[in-house]
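Notes to accompany the following structure.
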Amino acid sequence: MTCAVTALTDSDYERAQGLAQEANEFALSFGMVRYSGEGRVVHLPISMVPCVSEASFVQEVQELTPLYNRLYYRVSTDLEFLEERLAAARRVDPFIANLFDCLAPTPIEKPLLYMNRNDCMPLREGDRLQPKQVEMNLIASALGVVASNVYRMHRYLYHGTPLQQHLVENDAADGLLDGLAAGHQVFGDSRAAVLFVVPPGEVNVFDQRGLECRLVLEKDVPVSRATLAELGSEGKLREGDLWFGDRKIAVAYFRAGYSPVHYDEAACWQARRLIENSSAISVPSVATQLANTKKIQQVLTDPADLHRFVTGEGAARLQRSFVRFARISDEIEWKGTRGRAGQVAARHSGDWVLKPHREGGGNNFFGDGLVRKLGEIGDEHEAFILMERIHQRPFRSVRLIDNRVHDGLCVTELGYFGVYLHVPGEDQPRLNYARGYLQRTKDVANDEGLVLGGFSFLDAVAV
Ligand code: ADP
Ligand code: MG
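If you use the working numbering, the sequence shown closes out at 469, no skipped numbers anywhere.
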């Protein structure tokens, strides 16, 4: 048995400084790339030393995923609960209201395929690192293919060194591939396609092409690509099935649609309605998207709401992964200050994050920005939630960003990719697993964590 790595040495960091060319060329060879604003293909930000973590922490993040899968599956099938808990947000947030308007008037009975990534930050509690959930990513849970290749790159760079055997395996690409192929299979028509729904001018194409190519070559599953606007204007319903061009659609796999900017034409909302009213399996469905809003994350920290869906040891483990949440109008107490949560958070602005019900990065308010925003919010306060800020101990990392080596203190988050497949009429899910991860690390000075936005970089884990 090998003992755990506890820290990297100075010589590990020095060696990493010299790996820039290898890392860049590995990235270009294996599609760890994106389009730049000028349409050039450039490497994604990547680490050149793995992030050292604790085995029990990584295992707990992985084991929490099926529990979260089941919880959110149950929430997304309880429309009455979603309507009640999101009623106030729906009144003040047009994006939530528009999503509700896309629900089919008579729900279509079809399989539910839920694919996600559950991002957690490590928080030291006594002698162990406890995962604290940042959020459940849904449509924005990209980069699985690229993350698997970052792990392979680290194995290559550290081949023959003691560190190599401590790297935590990452087979995220396989997990996503199997999930989509299983969805296609339960749809039951081998000629029907998996449709990748992408934003216009997508820069993160290569991560998607990796999945598309493997679906065709390894699973014999036809694939197609469309923007929401293309699907909304050209898609057709025929005898309950969704058709795009000459293809029947088995699964619509969303890589766009998490943000209001993706719905700049009425046709984009029409695309959502078409899918909801068809036999096509929507990944995610509108109900699943509503269930994964930050508002629902907040309400599930209320034990009464959580226990409606899960109880026992599973619920207790989920609760250990929650931090404090509040509505702006709640009365709370924090570090001796009592009052309206909005005022308490403004007083302790380093301890809170203000979030609208969005995914995709760049939407949240921290520190002085949080204080300013809280001052501006009027009647629309239900369009936001307050979340306790997770403070972790920074560690040193060396990474390659725009072909330049950076060395400095960082913080990190780990998310396992989750897949859950439920077929109507069956008691148990066909699939409920966590497979592969995204380790995203960022400079300690950055608040946000988006890789494609340049805030953070792709990492691998060693334990
Ligand atoms: P989005 O849906 O836009 O990705 P997130 O909730 O994931 O929103 O927040 C974006 C990033 O902000 C996270 O990846 C994380 O780096 C940082 N962040 C969010 N919530 C917290 C928190 N409670 N404590 C510390 N950092 C946070
Ligand atoms: Mg996120």
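Note that the Cβ used here is the ideal one computed from N, Cα and C, for glycine as well.
Other residues of its chain near residue i: CB distance less than 7 Å, five sequence neighbours each side excluded
{"i": "Met7", "result": "Caution applies to Met7, whose pLDDT of 41 falls short of 50 and renders its modelled position unreliable; the value that the coordinates give is listed next. Answer for Met7: no residue qualifies."}
{"i": "Asn75", "result": "Tyr120, Gly424, Tyr426 and Asn438"}
{"i": "Ser327", "result": "Leu70, Cys126, Pro137, Lys138 and Gln139"}
{"i": "Ala22", "result": "Met54, Val55 and Val404"}
{"i": "Val200", "result": "Leu186, His190, Leu221, Val227, Val229, Ala256, Val257 and Tyr259"}
{"i": "Leu25", "result": "Met54 and Leu163"}
{"i": "Ala232", "result": "Leu201, Val203 and Phe250"}
Cβ-based neighbour list, residue i, same chain, cut-off 6 Å, excluding 5 preceding and 5 following
{"i": "Pro48", "result": "Per the sequence presented here, residue 48 reads as Val, with Pro not at that position. These residues qualify, in order along the chain: Ser42."}
{"i": "Cys274", "result": "Leu234, Ala235 and Gly238"}
{"i": "Ala277", "result": "Leu234, Leu237 and Gly238"}
Near the ligand GDP: residue i beta-carbon under 7 Å from a heavy atom
{"i": "Gly150", "result": "The model on display carries the ligand ADP and the ligand MG but not the ligand GDP."}
Identity of the residue in the options nearest residue i by Cα
{"i": "Leu420", "options": "Ala13, Ala178, Arg91 and Tyr443", "result": "Tyr443"}
{"i": "Ala347", "options": "Glu319, Glu115 and Glu394", "result": "Glu394"}
{"i": "His428", "options": "Glu388, Asp99 and Gly185", "result": "Gly185"}
{"i": "Asp18", "options": "Asp413, Asp433 and Leu464", "result": "Asp413"}
{"i": "Ser288", "options": "Gln398, Val222, Phe202 and Pro266", "result": "Phe202"}
{"i": "Asp84", "options": "Val292, Asp465, Thr447 and Pro435", "result": "Val292"}
{"i": "Val305", "options": "Ala262, Leu73, Leu88 and Gln349", "result": "Leu88"}
{"i": "Val174", "options": "Gln68, Arg215, Phe463 and Gln303", "result": "Gln68"}
{"i": "Glu44", "options": "Val209, Glu66 and Asn124", "result": "Val209"}
{"i": "Pro290", "options": "Tyr78, Thr15 and Ser59", "result": "Tyr78"}
{"i": "Pro205", "options": "Val192, Asp449 and Leu234", "result": "Leu234"}
{"i": "Phe32", "options": "Phe371, Ser154 and Gly238", "result": "Ser154"}
{"i": "Leu280", "options": "Gln303, Leu248, Tyr269 and Ser82", "result": "Leu248"}
{"i": "Asp433", "options": "Glu28, Val450, Ile52 and Arg80", "result": "Arg80"}
{"i": "Arg97", "options": "Arg402, Glu386 and Arg446", "result": "Glu386"}
{"i": "Pro72", "options": "Lys225, Ala321, Gly263 and Ser335", "result": "Ala321"}
{"i": "Phe401", "options": "Asp408, Val417 and His313", "result": "Val417"}
{"i": "Gln445", "options": "Arg40, Ser59, Glu319 and Arg46", "result": "Ser59"}
{"i": "Leu406", "options": "Phe101, Ile52 and Val467", "result": "Ile52"}
Residue i versus residue j - alpha carbon distance
{"i": "Gly181", "j": "Lys341", "result": "43 Å"}
{"i": "Glu141", "j": "Pro113", "result": "27 Å"}
{"i": "Glu90", "j": "Gly367", "result": "27 Å"}
{"i": "Ala95", "j": "Leu105", "result": "12 Å"}
{"i": "Ala178", "j": "Glu218", "result": "14 Å"}
{"i": "Gly251", "j": "Gly241", "result": "7 Å"}
{"i": "Gly455", "j": "Gly150", "result": "16 Å"}
{"i": "Val152", "j": "Asp213", "result": "6 Å"}
{"i": "Leu135", "j": "Val64", "result": "9 Å"}
{"i": "Leu223", "j": "Arg344", "result": "60 Å"}
{"i": "Thr299", "j": "Gly384", "result": "21 Å"}
{"i": "Gln398", "j": "Lys116", "result": "42 Å"}
{"i": "Thr294", "j": "Cys108", "result": "12 Å"}
{"i": "Ala93", "j": "Arg436", "result": "32 Å"}
{"i": "Phe390", "j": "Glu365", "result": "13 Å"}
{"i": "Lys448", "j": "Gly459", "result": "12 Å"}
{"i": "Leu324", "j": "Tyr422", "result": "15 Å"}
{"i": "Ala167", "j": "Thr317", "result": "The displayed chain sequence assigns Thr, not Ala, to residue 167. For Thr167 and Thr317, the distance between alpha carbons rounds to 45 Å."}
{"i": "Ala440", "j": "Arg123", "result": "9 Å"}
{"i": "Asn370", "j": "Lys361", "result": "5 Å"}
{"i": "Asn143", "j": "Ser265", "result": "13 Å"}
{"i": "Asn176", "j": "Glu337", "result": "43 Å"}
{"i": "Leu376", "j": "Ala352", "result": "7 Å"}
{"i": "Trp358", "j": "Lys301", "result": "16 Å"}
{"i": "Ala297", "j": "Val457", "result": "25 Å"}
{"i": "Val467", "j": "Glu245", "result": "49 Å"}
{"i": "Ala349", "j": "Gly373", "result": "According to the sequence provided, residue 349 is Gln. The question's Ala does not apply to it. Computed Cα separation, rounded: 13 Å."}
{"i": "Phe36", "j": "Leu50", "result": "11 Å"}
{"i": "Ser355", "j": "Phe463", "result": "26 Å"}
{"i": "Asp453", "j": "Gly431", "result": "44 Å"}
Per DSSP, cross-strand counterpart(s) of residue i
{"i": "Arg353", "result": "DSSP output for Arg353 lists no bridge partner at all."}
{"i": "Met142", "result": "Asn124"}
{"i": "Arg402", "result": "Leu415"}
{"i": "Arg261", "result": "DSSP lists no partner for Arg261."}
{"i": "Asp449", "result": "Cys416"}
{"i": "Phe463", "result": "Thr447"}
{"i": "Val425", "result": "Met121 and Tyr439"}
{"i": "Leu14", "result": "Paired residue(s): none; Leu14 is not in a bridge."}
Contacts around residue i, its chain only, beta-carbon distance under 8 Å, and the 5 residues preceding and following it disregarded
{"i": "Ile396", "result": "Met127, Leu129, Lys138, Val140 and Val329"}
{"i": "Ala61", "result": "Ala10 and Val469"}
{"i": "Asp195", "result": "Lys254 and Ala256"}
{"i": "Ser285", "result": "Ile114, Lys116, Phe193, Gly246, Asp247 and Leu248"}
{"i": "Thr12", "result": "Val58"}
Start-end ranges of the beta strand (DSSP E) lying completely within the stretch 21-97, minimum 3 residues: 39-41 and 47-49
For the stretch 356-383, which segments carrying the alpha helix (DSSP H) assignment without a break, of at least 4 residues, lie completely within its bounds, in sequence order? 373-382
Please give the ranges of any alpha helix (DSSP H) in the stretch 287-351, keeping only runs that are unbroken, at least 4 residues long and fully inside the region. 292-297, 300-305, 309-313 and 318-326
I'd like the ranges of any alpha helix (DSSP H) spanning at least 4 consecutive residues and lying wholly in the stretch 210-242. 211-225 and 234-240
Extract the residue ranges of the beta strand (DSSP E) inside the stretch 162-208, only unbroken runs of 3 or more that lie entirely within it. 199-203
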